[in-house]
Structures are given as C-alpha cells and as structure tokens.
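Numbering (the working numbering), first residue to last: 436 to 565.
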Amino acid sequence: MKPKISFFQIVCVASSILGLLLLYFSALNAKPREVSLNELDESLVGRSVTVRGFINRIKFHPDGHIFLTISYNKTKVQVPLFSSFLSSAKIDVGKIKVGRVVVVSGTVDLYKNQLQIIPRKAEDVKILGG
C-alpha cells in the first residue's frame with residue numbers, strides 16, 4: 436500500500452525549501468553595518484560591523500597573535516588578529532604600524548568587559564595609511 440501525499444504536505448515542503456533558499460541568499464548578501472567607533476556599545480555584541488580608526492597600539496603575542504587597539508577621537512576598541520587568521524588572511528604584518536588608518540569589519544564581542552571586533556575573512560582588515 437502506497438502512502439498518499441496530500442497537496443498540503445507538498446506545499447509545506449516547497450515553502451520550507453523556498454524559505455531556506457531565501458535565508459541562504461540573504462546571508463550571502465548581508466553586509467556589516469558601518470558605525471563610528473563612538474557608536475559601539477554592548478547592544479551590538481554578536482552583530483557584524485565595519486569601523487574605521489587609527490592604529491593606536493600594537494601588541495605581539497608569543498603565539499603569533501597580534502592585538503591592535505584602534506581609536507578615533509577618545510574612543511578605543513580592541514581588534515584581535517589571531518595567528519590562524521593571520522596565516523590564512525596573508526596580511527602584510529609590515530604594514531601594521533601605529534598611526535596608520537585601518538578599516539575593520541567583524542563581529543562585535545565582549546572580552547574581559549571590553550568591546551572588541553573580531554575579523555573573520557582576509558578582506559575584513561584593510562590598512563590604508565597614516
């Protein structure tokens with residue numbers, strides 16, 4: 436005996452597939468929200484943003500990580516560049532200098548009660564100049 440498939444079941448499956456496709460394509464086209472550093476706050480944790488600032492401080496970690504502090508006016512934010520990210524992104528570490536302008540896209544996170552932006556892809560960190 437063959438189970439009967441109702442019209443309702445076909446519509447449900449088709450709309451589920453359509454919904455998943457819409458979510459997939461909207462995620463591909465999602466761009467981070469551009470914000471100024473002074474707009475960053477805890478309400479943005481977990482969201483993707485793009486910020487611009489000056490490299491204020493550089494800290495090199497023995498494990499190969501680089502921790503940037505970027506600032507604009509009096510606002511500062513941390514940007515951790517983990518060693519795995521640096522090796523896959525092929526960022527020219529020689530261009531990372533205090534005073535240079537940097538544009539960073541990434542996910543806002545809170546670490547030790549301090550906001551940071553964690554880049555995910557090579558194109559998420561652009562060092563423009565001083």
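Each residue gets a CB set at the ideal place from its N, CA and C atoms; glycine is no exception.
Query: Please name the residue, chosen from Asn473, Val486, Gln444, that lies closest to Leu597 on a Cα-to-Cα basis.; Result: As shown, the chain starts at 436 and ends at 565. That puts residue 597 outside it, with no answer to give.
Query: Closest to Asn473 by CA distance: which of Ile505, Tyr546, Lys532, Ser518 is it?; Result: Ile505
Query: Are the segment 505–522 and the segment 542–554 touching, with three or more C-beta to C-beta distances below 8 Å?; Result: yes
Query: Determine the closest residue to Ile531 out of Ile501, Leu456, Ser461, with distance taken between C-alpha atoms.; Result: Ile501
Query: Decide if Ser478 is buried, meaning its Cβ has at least 16 other Cβ atoms within 10 Å, or exposed.; Result: exposed
Query: Buried or exposed for Pro438, please, with buried defined as at least 16 other CB atoms from any protein chain shown within 10 angstroms of its CB.; Result: exposed
Query: Taking the alpha-carbon of Lys509 as reference, which of Ile440, Ala449, Leu475 has the nearest alpha-carbon?; Result: Leu475
Query: Going by DSSP in three states, Asp544 sits in which element: helix, strand or coil?; Result: strand
Query: Rounding to the nearest angstrom, what Cα-Cα distance links Pro497 and Leu453 in this structure?; Result: 48 Å
Query: So who's on the other strand from Gly499, going by DSSP bridges?; Result: DSSP lists no partner for Gly499.
Query: Within 10 angstroms of the Cβ of Phe520, are there 16 or more other Cβ atoms? Answer buried if so, exposed if not.; Result: buried
Query: Determine the burial state of Gly488: buried for a count of at least 16 other Cβ atoms within 10 Å of its Cβ, exposed for fewer.; Result: buried
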